[in-house]
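Numbering (the working numbering), first residue to last: 390 to 827.
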């Protein structure tokens with residue numbers, strides 16, 4: 390790209406709102422919506438990709454606590470600023486944003502340094518940079534962070550495409566650096582309780598599962614909803630990472646998919662904000678029904694839609710020969726896990742006070758469990774000790790592969806095989822979760 394192109398985007402950029410704070414996560418899971426923000430932030434590191442390094446720089450010296458820097462100080466960053474200090478082995482030291490004022494505000498609020506992007510990348514006391522650039526630029530920014538000898542923990546999505554993600558992996562392996570990626574919500578008390586119940590045979594042999602990520606879209610409340618409806622976005626790319634990570638955790642990797650999609654409503658009307666009443670065209674499928682074949686496991690039906698006004702499905706239902714598990718929304722760490730046996734017996738499973746299932750945030754008036762940065766703390770242990778970690782690059786790339794395969798299958802009518810099968814992440818017991826916290 391040319392310098393003038395970056396400058397154009399810089400002049401047209403604006404900060405996104407934070408949907409991690411409200412945990413609806415409709416913005417940073419996939420969205421080209423905020424690519425302008427990302428590119429604006431990236432402008433400060435123009436020199437990096439202009440002078441791309443071919444050899445691995447010196448890796449920062451490690452101590453018992455890894456120095457953490459945050460790249461991107463928009464609203465999405467607040468949850469990380471709040472929660473990183475609550476985890477063992479992490480020392481939040483600095484932040485950077487192309488908008489210097491935003492970085493200064495965050496630094497003052499959380500008593501850390503505000504750096505330029507260049508200086509953050511060069512800081513000797515920073516070992517891991519949390520990549521909170523806009524979703525469309527995650528992969529490119531991860532590469533630049535790696536180029537500067539830092540490990541990376543990225544917000545989702547890991548990359549826009551499988552090819553883009555594979556390039557990041559190849560780069561990290563070449564440089565001998567760690568890359569991790571959200572979501573880490575599968576480490577929560579609810580999904581870990583469900584996983585234990587399945588492994589202990591509490592519903593017998595698993596025979597199938599259904600996933601439901603369905604609502605009426607965001608045009609009624611979002612001031613710029615049209616960007617969510619552009620080509621390549623839509624509900625599958627938005628909701629998909631949470632649900633696919635949950636399938637990998639509970640059942641195993643997906644080896645093949647088929648899908649169909651539709652766009653029942655061709656235009657949408659903005660419901661609030663300065664553009665209220667404006668009608669825009671829908672450029673992407675808004676209802677997708679996919680069949681996922683789990684390796685050595687059951688078939689999983691995944692419905693993602695922005696054409697549903699109301700429904701009574703659980704977010705996730707796992708079916709077994711002896712009963713069914715009903716799971717809460719995988720966007721969250723907690724919530725009730727309900728088992729219903731074939732004789733009708735119904736119980737809420739005991740989560741054994743799993744630390745990552747305990748409510749710690751109030752969102753829209755409801756108490757929720759939110760422990761984002763658990764995956765980062767787990768990765769920090771891996772950096773120190775050299776072992777696998779749950780939110781690994783390979784598992785993040787699998788999520789990208791599956792979403793891309795669903796989109797391809799829906800567009801072509803063909804079954805699509807997934808070429809690489811990662812291992813399931815290790816389970817996380819209450820004691821192991823407690824050890825990650827201060």
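For every residue, glycine included, the Cβ atom is placed at its ideal position computed from N, Cα and C.
### Task
Within 10 angstroms of the Cβ of residue 525, are there 16 or more other Cβ atoms? Answer buried if so, exposed if not.
buried
### Task
Starting from the N-terminal side, write out each stretch of the beta strand (DSSP E) that is 3 residues or longer and does not extend beyond the region 508–583.
517–520, 540–543 and 568–570
### Query
Cα separation between residue 464 and residue 733?
45 Å
### Message
Can you give me the C-alpha to C-alpha distance between residue 803 and residue 567, rounded to a whole angstrom?
### Response
35 Å
### Task
Any chance you could list the alpha helix (DSSP H) runs of at least 4 consecutive residues sitting entirely within the region 609–686, in chain order?
Counting whole runs of 4 or more residues, the region 609–686 contains the alpha helix (DSSP H) stretches 623–639.
### Task
Take residue 825 as the anchor and find which of 750, 655 and 767 has the nearest alpha-carbon.
767
### Query
Given 8 Å as the limit, is there contact between the region 596–606 and the region 683–699, that is, 3 or more CB pairs closer than that?
yes
### Task
Compare the beta carbon distance of residue 486 and residue 461 with 8 Å and say whether it is the shorter of the two.
yes
### Enclosing beta strand (DSSP E) for residue 751 [first to last residue]
750–752
### Message
I'd like the span of the alpha helix (DSSP H) that includes residue 490, first residue to last.
### Response
Residue 490 -> alpha helix (DSSP H) spans 489–499.
### At least three beta-carbon pairs within less than 8 Å, the region 643–653 to the region 680–694
yes
### Message
Considering only the alpha carbon of each residue, which of 476, 594 and 630 lies closest to residue 713?
### Response
594
### Query
Helix, strand or coil: which one does DSSP assign to residue 788?
helix
#### Entry: Under 8 Å between C-beta atoms of residue 761 and residue 573
Contact flag set, yes.
### Message
Counting C-beta neighbours from all protein chains within 10 Å, is the total for residue 827 16 or more, i.e. buried, or is it exposed?
### Response
exposed
### Query
Is the CB-CB distance between residue 772 and residue 455 below 8 Å?
yes
### Message
Quick check on the DSSP output: what are the complete alpha helix (DSSP H) runs of length 4 or more inside the region 585–610, in order along the chain?
### Response
For the region 585–610, not one full-length alpha helix (DSSP H) segment reaches 4 residues or more.
### Query
Which residue comes first and which comes last in the beta strand (DSSP E) that contains residue 730?
Residues 727–730.
#### Entry: Own chain partners of residue 597 with C-beta closer than 6 Å, once the 5 adjacent residues on each side are dropped
687, 688 and 708
### Query
In the structure shown, what three-state DSSP assignment does residue 715 receive?
Reduced to three states, the DSSP call for residue 715 is strand.
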